[in-house]
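Participant: Structure below; questions to follow.
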Amino acid sequence: MKAIYPGSFDPVTYGHIDIIERAAKVVDELIIGVLVNSAKNPMFTRDERVALIEESTKHIPNVTVKTFEGLTIEFAKQNGANLIIRGLRAVTDFETEMQIAQTNHSIEPEVDTMFFTTSLEYAFLSSTIVKEVSRYGTDVGKMVPPAVEKALKEKNKQ
Ligand code: ADP
Numbered sequence: 006m007k008a009i010y011p012g013s014f015d016p017v018t019y020g021h022i023d024i025i026e027r028a029a030k031v032v033d034e035l036i037i038g039v040l041v042n043s044a045k046n047p048m049f050t051r052d053e054r055v056a057l058i059e060e061s062t063k064h065i066p067n068v069t070v071k072t073f074e075g076l077t078i079e080f081a082k083q084n085g086a087n088l089i090i091r092g093l094r095a096v097t098d099f100e101t102e103m104q105i106a107q108t109n110h111s112i113e114p115e116v117d118t119m120f121f122t123t124s125l126e127y128a129f130l131s132s133t134i135v136k137e138v139s140r141y142g143t144d145v146g147k148m149v150p151p152a153v154e155k156a157l158k159e160k161n162k163q
């Protein structure tokens, strides 16, 4: 079974890595899809986000990283994936995620969405929180992999 795990990953956190490690155990192949959205103004470029995910997932053999623009469902189809992986942190994630999953399923009934609930220690964690606290020099070593911590330090110097 081939799955995609789409997101902005700006930048990748231990919350994402946790979902990736768990999802990679239940599918044969997991493609991480880095969404390139021209309307968003990300901290990290497309290539930086890809490189940070690659570095942080190199211990997982069945994971690859790609970028995509536009609809997630099209990205799934183009890659021959019949499963979309998403993470759920809190009840607040639920409503939009359910709507997206139902829309995708009605567009393409062959593609389903599978949710992983966050591990408790990462329930509060988001890329936005990480960017916010790292800006003030707070140690983010428990929130992101070492390569991301280093990259954040560099960005905040600029
Ligand atoms: P998006 O902009 O699509 O929400 P993100 O990079 O923020 O992209 O998240 C990608 C996916 O990872 C989403 O399904 C999101 O709910 C999930 N996710 C993000 N942070 C965590 C976390 N701490 N624990 C579990 N899932 C998470």
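Residues in the sequence shown are numbered from 6 upward in steps of one, following our numbering.
Heads up, the beta-carbon is just placed ideally off N, CA and C, and yes, glycines get one too.
Using only the alpha-carbon positions, how far apart do Ile90 and Pro47 sit?
Facilitator: Spanning the two alpha carbons is a distance of roughly 22 Å.
Participant: Pair every Cβ in the segment 88-106 with every Cβ in the segment 45-65, then say whether three or more of these pairs are closer than 8 Å.
Facilitator: Touching, no, given that fewer than three Cβ pairs across the two stretches are closer than 8 Å.
Participant: Can at least three beta-carbon pairs, one atom from the segment 116-131 and one from the segment 153-160, be found at a separation below 8 Å?
Facilitator: Contact between the segment 116-131 and the segment 153-160 is absent, because fewer than three Cβ pairs lie under 8 Å.
Participant: Within its chain, find whatever has a CB closer than 7 Å to the CB of Ala28; leave out the 5 residues flanking it on each side and keep chain order.
Facilitator: For Ala28, where only same-chain residues beyond five positions count, the Cβ hits under 7 Å are Ala8, Tyr10, Leu35, Ile90 and Phe121.
Participant: What is the residue span of the beta strand (DSSP E) that Met119 lies within?
Facilitator: First-last of the beta strand (DSSP E) with Met119: Asp117 to Thr122.
Participant: Using the C-alpha atoms, what's the distance from Ser13 back to Thr50?
Facilitator: Roughly 11 Å separates the two Cα atoms.
Participant: Distance check for Leu76 and Glu115, CA to CA, integer angstroms please.
Facilitator: Cα to Cα, Glu115 sits roughly 16 Å from Leu76.
Participant: Can you give the beta carbon distance from Thr72 to Val96, rounded, assuming they're within the 8 Å contact cut?
Facilitator: 31 Å between Cβ atoms; not a contact.
Participant: By Cβ distance, which residues of its chain are closer than 6 Å to Lys30, with the 5 residues on each side in sequence left out?
Facilitator: None.
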